[in-house]
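Protein chains: 2
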Amino acid sequence: VKNTITDNLTIAIDAMGGDHAPIACLDGLFASHKLYPSVKFIIFGNQDLIMPILNNHNEWQKYIDFVHTSDYIASDEQISTSLRSGKNSSMRLAIDAVKNKTAHACVSSGNTGALMAMAKIVLKTINNIDRPAIATSLPTCKGKIIMLDLGANSECNANNLLQFALMGSAFAQITCNKEDPSIGILNIGSEDIKGNDTVKMAAKLVKESTNLNFKGFIEGNDITLGTVDVVVTDGFTGNVALKTIEGTAKLCVEFMKRGFKSNIFSKLGYLLAQKSLKAAFKMTDHRYYNGAMFLGIDGIVVKSHGSSDAIGFQNAIEAAINLADNNINEQIVKNLQNIIENDI
Amino acid sequence: VKNTITDNLTIAIDAMGGDHAPIACLDGLFASHKLYPSVKFIIFGNQDLIMPILNNHNEWQKYIDFVHTSDYIASDEQISTSLRSGKNSSMRLAIDAVKNKTAHACVSSGNTGALMAMAKIVLKTINNIDRPAIATSLPTCKGKIIMLDLGANSECNANNLLQFALMGSAFAQITCNKEDPSIGILNIGSEDIKGNDTVKMAAKLVKESTNLNFKGFIEGNDITLGTVDVVVTDGFTGNVALKTIEGTAKLCVEFMKRGFKSNIFSKLGYLLAQKSLKAAFKMTDHRYYNGAMFLGIDGIVVKSHGSSDAIGFQNAIEAAINLADNNINEQIVKNLQNIIENDI
């Protein structure tokens, strides 16, 4: 059982998002409840699907408020449609709960585009943040790091990257438990002359106008080497890099399988090493890194992977609890203050 | 022993480039000679370092012309310096040999920026190609694929990407032995509405104005899944993706090591499976994918990795032999012809 700093934390849950809704969402919630018994939840979703599950759990009413809605956002729904006709959807109501301050954060495995668009409209962005970014933590040789933006902004200017650095630093302080996280800007060479004008200008801005622990440019291989705590990049490059990591990990597992299957000795070797290998690779299991935050939104919105199972959703809920408990957005405002005062 | 289609192929070698020059270059050459005895070589480099090695090999004069020069391009040299004062460098002379048609291709492990700049100045670009791109082959779950650009152009427009698709297709025909290679443009979603204007416009151009086997957009995880034969992207994204693959493969090997080391059973398992695993992972050994080509240069220039050992350099030489033997640039001109005629 873990204690939160804040009493009476409440997390809003969109129980209808993702491939395995609502069962993965609810099972994730119950697992989180065991670890964080003081946290309360508000669930939004369809009573016909959800009530039978809730009623399997004793005294769920003690820590869950359930709000019925039959509307939900489909995973392939156009963003414009979601915004226009999704006002009673489970996703929208979960975001509204953060706006109304009935919840400290919300979690959804639903349609990323719709979630971001609704979050922006309902909660707005933090003062002096031009564009929100999607940030998540990743496994590396040296432990957890943060990367952003992972796809909210397919084109970014230097000022956007500067703001990502400030927000990413706050996120890493809380998520990776680092006092002064090191920051790197992703580029195609570590020398100052490498790359495009945007990253060069961003590096200048971060270096000259912030107190961040800035390490300069890093390259693609530095991400998983854990060279820095926070990898700052535009949403196009970040999304490609994130998915390239996923794909390469799959390739390595595939080669490992082929190796183990190739003869009787390797098969026996697999039987002997199996348990230890699984434990070692657990670190790469994306479910344990689930829970991407929309940094820069004036309210905590955590996006769980669309394919999340109960373990994945549990981790997204716990990311939300941790971010709410440590007041991520206050920390971001504090980091921004520094630069804004410097600017004047 | 392998036969080439063309008789009298000659490959120019910059023997002074890379971390292990000249020994890795020469040992790679001798290994290639065993496989391709009909191919001739011209070596450029310092006689004091090279002659003692050559003289260890019987009858090297039968297939090697040696040209002495004491100048070479340092790995950290500024491109402008290389261009200005590198006219007698081993790198420049190897490129000149392609220009003079004394060699059909050249190979260097030296400074990438200097090599590209010299190649552009001496050999020029192929007609109707605006910018050369760096292309290489990569291991995937389904075999070898091609990716370009890997860093020559940190900003690209849609027309550049169209040209990369046409050149990449020719490169894959020869390097991956595919008749009609499938092409994908790297993006942050596979739907048509995803991504920035450049990739959207490029997809439209490739679809509407070429006969290429175009599969539309692919995502980062598709690279190593082998979803398409040719991954087309700008040099910034491509360089980040390539290095992210390298870094992630290292991370997986690291996790594997930790798993195997964790107890007596897993250690024993390692002993049993070791050989098969090494064979399976040989596919990811970058030395076997060594030899990036500067596509779009009017002459074949193959860049070997700066850290290449003899095996790596041998593979780069063999890539050059294959590309020269199959007239890669004629194939590119043919592919371009298609689109240019369509354009009129």
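Sequence order for the protein chains is G and P.
When we follow this note's numbering, the leftmost residue of the first sequence carries the number 3, and every step to the right adds one.
When we follow this note's numbering, the leftmost residue of the second sequence carries the number 3, and every step to the right adds one.
The beta-carbon is built from N, C-alpha and C at its ideal position, and this holds for glycine as well.
Between the alpha carbons of PHE315 (chain P) and ASP287 (chain P) lies a gap of roughly 13 Å. Under a 10 Å Cβ-count criterion, GLN49 (chain G) is classified as exposed, with fewer than 16 other Cβ atoms of the shown protein chains found around its own Cβ. Using a CB distance cut-off of 8 Å, VAL242 (chain P) counts as an interface residue toward chain G. When the Cα atoms are used, LEU274 (chain P) and VAL232 (chain G) turn out to be separated by approximately 39 Å. Per DSSP, SER110 (chain G) is one residue of the beta strand (DSSP E) stretching across 107–110. Cβ-Cβ distances below 8 Å link VAL3 (chain G) to LYS36, LEU37, TYR38, PRO39 in the same chain, with the five nearest sequence neighbours on each side left out; the list follows chain order. For LEU168 (chain P), the uninterrupted alpha helix (DSSP H) run begins and ends at 160–177, by DSSP.
Within a 10 Å sphere around the beta-carbon of GLU221 (chain P) sit 16 or more other beta-carbons, which makes this residue buried.
With a threshold of 8 Å between beta carbons, LEU163 (chain G) makes no contact with chain P. Neighbours of SER40 (chain G) in chain P, taken as residues at a C-beta separation under 9 Å, are lacking, since the least C-beta distance is about 35 Å. If one requires a minimum length of 4 residues, the alpha helix (DSSP H) runs lying completely within the region 258–342 of chain P are 266–283, 312–327, in chain order. Secondary structure of SER84 (chain P) (DSSP, three-state): helix. Against chain P, the CB of TYR272 (chain G) has a partner CB under 8 Å away; the residue lies at that interface. Using a CB distance below 8 Å, the part of the region 214–227 of chain P facing chain G consists of GLU221, GLY222, ASN223, ASP224, ILE225, THR226, LEU227, ordered along the chain. Here SER278 (chain G) is not near ALA26 (chain G), since their CB atoms are 8 Å or more apart.
Per DSSP, SER211 (chain G) has no beta-bridge partner at all. Using beta-carbon distances, PHE166 (chain P) does not count as an interface residue toward chain G, since no partner is under 8 Å.
Ranked by how close their Cα comes to the Cα of GLY308 (chain P), the residues P:ILE13, P:ASN5, P:PRO24, P:THR6 have P:PRO24 in first place.
Those residues of the region 113–141 of chain P placed with their C-beta closer than 8 Å to a C-beta in chain G are PRO141, ordered along the chain. With respect to ASP300 (chain P), THR127 (chain P) sits close: the two C-beta atoms are nearer than 8 Å.
In its chain, beyond the 5 residues on either side, ASN215 have a beta carbon closer than 7 Å to the beta carbon of ASP182 (chain P). With contacts defined by Cβ atoms closer than 8 Å, ILE323 (chain G) and THR6 (chain G) form a contacting pair.
Separation of the CB atoms of PHE219 (chain G) and MET295 (chain G) is rounded to 25 Å, and the pair is thereby denied contact status at 8 Å. The beta carbons of LEU31 (chain P) and ILE319 (chain P) sit about 6 Å from each other, so the pair counts as a contact at 8 Å.
In the three-state reduction of the DSSP assignment, MET18 (chain P) falls in the coil class, being assigned neither a helical nor a strand state. Shown in chain order are the members of the region 277–292 of chain P whose Cβ falls below 7 Å from a Cβ of chain G: SER278, LEU279, ALA281, ALA282, PHE283, MET285, THR286. Under the criterion of beta carbons closer than 8 Å, VAL242 (chain P) and ILE190 (chain G) qualify as touching, at roughly 7 Å.
The closest CA to that of GLU248 (chain P), considering only P:ASP9, P:PRO141, P:PHE68, P:VAL201, is found on P:PRO141. Among the CB atoms of chain P, none fall inside 8 Å of the CB of GLU79 (chain G). Cα atoms of ILE136 (chain P) and THR212 (chain P): separation of roughly 21 Å, rounded to the nearest angstrom. In this structure, DSSP gives LEU140 (chain P) an extended state, which the three-state scheme calls strand. In the same chain as CYS158 (chain P), and ignoring 5 residues on each side of it, the C-beta atoms closer than 6 Å to its own belong to ASP236, in chain order. Under the Cβ criterion (8 Å, minimum of three pairs), the region 53–60 of chain P does not count as touching the region 148–162 of chain P. Close partners of ALA154 (chain P) in chain G (Cβ separation under 7 Å) are lacking, with about 10 Å as the shortest Cβ gap.
Per DSSP, the continuous alpha helix (DSSP H) segment holding VAL124 (chain G) begins and ends at 114–125. Here GLY145 (chain P) is exposed. Its C-beta has fewer than 16 other C-beta atoms within 10 Å.
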